[in-house]
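Quick note: the sequence shown uses this note's numbering, first residue 689, plus one each step.
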Amino acid sequence: MQLGSGPVLMGVINVTPDSFSDGGLYLDVDAAVDHGHELARDGAAILDVGGESTRPGADEVPEAEEIERVVPVVERLAQASGPDAPRVSIDTRKPRVAEQALQAGARIVNDVSAFRHAPEIAGMVASAGAHCCLMHMLGDPRTMQQDPRYDDVVSDVKAFLEARLAFAAGEGVPEENVWLDPGIGFGKTIDHNLELLRRLDEIVAIGRPVVIGTSRKSFIGKLTGREETDRLPGTIATNVIAWERGARIFRVHDVAALADALKVAAATVPAEWTTT
Ligand code: HH2
Numbered sequence: 689m690q691l692g693s694g695p696v697l698m699g700v701i702n703v704t705p706d707s708f709s710d711g712g713l714y715l716d717v718d719a720a721v722d723h724g725h726e727l728a729r730d731g732a733a734i735l736d737v738g739g740e741s742t743r744p745g746a747d748e749v750p751e752a753e754e755i756e757r758v759v760p761v762v763e764r765l766a767q768a769s770g771p772d773a774p775r776v777s778i779d780t781r782k783p784r785v786a787e788q789a790l791q792a793g794a795r796i797v798n799d800v801s802a803f804r805h806a807p808e809i810a811g812m813v814a815s816a817g818a819h820c821c822l823m824h825m826l827g828d829p830r831t832m833q834q835d836p837r838y839d840d841v842v843s844d845v846k847a848f849l850e851a852r853l854a855f856a857a858g859e860g861v862p863e864e865n866v867w868l869d870p871g872i873g874f875g876k877t878i879d880h881n882l883e884l885l886r887r888l889d890e891i892v893a894i895g896r897p898v899v900i901g902t903s904r905k906s907f908i909g910k911l912t913g914r915e916e917t918d919r920l921p922g923t924i925a926t927n928v929i930a931w932e933r934g935a936r937i938f939r940v941h942d943v944a945a946l947a948d949a950l951k952v953a954a955a956t957v958p959a960e961w962t963t964t
């Protein structure tokens with residue numbers, strides 16, 4: 689997928705009953721597909737479909753249930769054609785979900801475990817000629833917010849992402865098909881999240897496109913005192929800063945607002961480096 693030099697919006701479609709900010713809204717296939725079309729009209733180049741919440745403390749969803757939730761949605765969203773049709777991404781850690789979503793037309797696997805949960809997904813991505821997003825997470829969603837500690841959060845996350853990039857490449861995924869994500873909120877305190885945003889250029893220096901996901905997250909709630917759906921101003925601030933620090937792909941719920949904000953940010957501070 690050619691990224692070009694501007695910001696790329698990845699719209700979130702949670703086909704779950706329990707996601708932290710929109711759980712239950714898009715559990716029905718038609719509602720999820722309609723929402724995907726709306727996000728695409730608002731400017732999303734990527735639609736990220738997920739069937740398991742990764743909020744702190746969330747329980748795992750059985751593989752068969754996750755497949756039932758997401759595959760019909762992926763299939764319908766992937767039918768859109770034409771040069772401006774959005775690419776569908778599958779947000780999963782599970783091999784059969786990834787496999788069936790790729791068969792149904794997903795072109796990106798967004799794995800919050802960076803292929804640690806199921807290393808065989810790397811080979812599936814390689815054979816499908818798909819892209820992947822590899823994200824940093826300390827532990828797993830059940831335990832990740834229990835006293836997370838790092839020597840230096842940015843250096844530790846950077847070393848992890850370099851190692852996972854090397855793993856993916858070793859399994860046959862071309863490096864140019866790998867995107868990296870520091871995993872804001874995944875086993876991190878407020879200070880860890882802020883430090884990662886402040887020093888995001890160090891993660892960008894790995895040389896792969898960086899995905900950033902701050903949308904509506906709890907550190908914004910803690911800083912502003914706002915509930916999940918009132919965190920748009922904080923979401924905009926963090927994404928604009930991430931753009932200025934070199935992030936290229938922005939995983940957000942509120943695509944229309946972020947498209948405007950990032951358009952203005954990119955006109956003010958153009959990307960310093962481009963990669964595909
Ligand atoms: N955040 C969430 C889920 N998937 N993937 C990437 N690459 N980066 C992220 O920051 C990221 C992600 C959590 O947000 P959401 O999907 O809205 O919530 P939930 O996990 O409760 O469904």
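Every residue, glycine too, gets a C-beta built ideally from N, C-alpha and C. Computed from a predicted model, the values in this text were never measured in an experiment.
Burial state of residue i, where buried means 16 or more other Cβ atoms lie within 10 Å
{"i": "P862", "result": "exposed"}
{"i": "A847", "result": "exposed"}
{"i": "G901", "result": "buried"}
{"i": "K782", "result": "buried"}
{"i": "D632", "result": "There is no way to answer for residue 632, as the model of the chain reaches only from 689 to 964."}
{"i": "V957", "result": "exposed"}
{"i": "I891", "result": "buried"}
{"i": "V800", "result": "buried"}
{"i": "T742", "result": "buried"}
{"i": "G738", "result": "buried"}
{"i": "S769", "result": "exposed"}
{"i": "G699", "result": "buried"}
{"i": "A752", "result": "exposed"}
{"i": "E787", "result": "buried"}
{"i": "V703", "result": "buried"}
{"i": "D779", "result": "buried"}
Beta strand (DSSP E) segment containing residue i, residue limits
{"i": "H819", "result": "H819 to M823"}
{"i": "D869", "result": "V866 to D869"}
{"i": "R775", "result": "R775 to D779"}
{"i": "L697", "result": "V696 to N702"}
{"i": "I734", "result": "I734 to G738"}
{"i": "I796", "result": "I796 to D799"}
{"i": "I894", "result": "Counting along the chain, I894 falls outside any beta strand (DSSP E), and DSSP gives it neither H nor E."}
{"i": "R936", "result": "From DSSP, R936 is part of no beta strand (DSSP E); its letter is neither H nor E."}
Alpha helix (DSSP H) segment containing residue i, residue limits
{"i": "G909", "result": "S906 to T912"}
{"i": "R764", "result": "E751 to L765"}
{"i": "V943", "result": "V943 to T956"}
{"i": "M812", "result": "I809 to A816"}
{"i": "D879", "result": "I878 to R886"}
{"i": "L790", "result": "P783 to Q791"}
{"i": "F848", "result": "V841 to G858"}
{"i": "V721", "result": "V717 to D730"}
{"i": "V928", "result": "L920 to E932"}
Residue i and residue j closer than 8 Å at C-beta
{"i": "P836", "j": "H880", "result": "yes"}
{"i": "I701", "j": "A720", "result": "yes"}
{"i": "V717", "j": "V761", "result": "yes"}
{"i": "L765", "j": "G731", "result": "no"}
{"i": "R852", "j": "L888", "result": "no"}
{"i": "V898", "j": "G934", "result": "yes"}
{"i": "L884", "j": "V842", "result": "yes"}
{"i": "T923", "j": "S903", "result": "yes"}
{"i": "A746", "j": "D710", "result": "no"}
{"i": "H824", "j": "G871", "result": "yes"}
{"i": "V845", "j": "A856", "result": "no"}
{"i": "E740", "j": "E763", "result": "no"}
{"i": "R775", "j": "R795", "result": "yes"}
{"i": "L946", "j": "V952", "result": "no"}
{"i": "F708", "j": "E916", "result": "yes"}
{"i": "S693", "j": "A925", "result": "no"}
Cβ separation of residue i and residue j, assumed to be a contact under 8 Å, to the nearest whole Å
{"i": "P771", "j": "R936", "result": "Between R936 and P771 the Cβ distance is about 19 Å, and since that is not below 8 Å, they are no contact."}
{"i": "D722", "j": "N798", "result": "Going by Cβ atoms, the distance from D722 to N798 rounds to 21 Å, so no, they are not a contact pair."}
{"i": "M832", "j": "G875", "result": "4 Å"}
{"i": "A818", "j": "L790", "result": "6 Å"}
{"i": "G860", "j": "K905", "result": "Contact doesn't hold; Cβ gap of about 33 Å is too wide."}
{"i": "V943", "j": "L715", "result": "The pair is not a contact, with the Cβ atoms about 20 Å apart (cut-off 8 Å)."}
{"i": "W931", "j": "L950", "result": "6 Å"}
{"i": "F803", "j": "A814", "result": "So it is not a contact: roughly 11 Å between Cβ atoms."}
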